[in-house]
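A quick write-up on the structure given underneath.
In UniProt numbering, the protein residues as written are 1 to 107.
Set out below in structure tokens:
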């Protein structure tokens, strides 16, 4: 976690994120995203959901999507192409690497 302070702007906290596939709670995400008023979490969330361009929803993706719906100050920034190809055919391709932006404007 690092904090960037620029002149005449509020500080922005950057959090490099890796969530192990078997662990995730809304409380953990809330704590990370609230590290600062202006926060960027980016990395491997091990969470796929159709809301961020994955072909299917994982249990963690469903939890994360529910959490995001409760937070009007948090936006997701995800690529339009897959970021993970599973070695297990039943899982296929997914988007599990993306960013969560809290109070960070973008177009």
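In this text, a Cβ means the ideal position worked out from N, Cα and C, and glycines have one as well. No experiment lies behind these values; they were computed from the predicted model shown.
Practice item. Count the other CB atoms, across all protein chains shown, that sit within 10 Å of the CB of residue 8; report buried if there are 16 or more and exposed otherwise. Key: exposed
Point to revise | Alpha carbon of residue 50 to alpha carbon of residue 71, nearest angstrom | key: 18 angstroms
Exercise for review: Provide the residue span of the beta strand (DSSP E) that contains residue 102, from first to last.
Suggested key: 97-102
Review point. Cα separation between residue 75 and residue 68?
Key: 8 angstroms
Review point. CA-CA distance, residue 44 and residue 11?
Key: 24 angstroms
Point to revise | Local Cβ density within 10 Å of residue 94, reported as buried at 16 or more and exposed below that | key: buried
Check your understanding: With distances taken from CA atoms, which of 38, 28, 47 and 6 is nearest residue 105?
Key -> 38
Check your understanding: Beta carbon of residue 61, beta carbon of residue 47: below 8 angstroms?
Key -> yes
Point to revise | For residue 18, the residue or residues it bridges with in DSSP | key: 44
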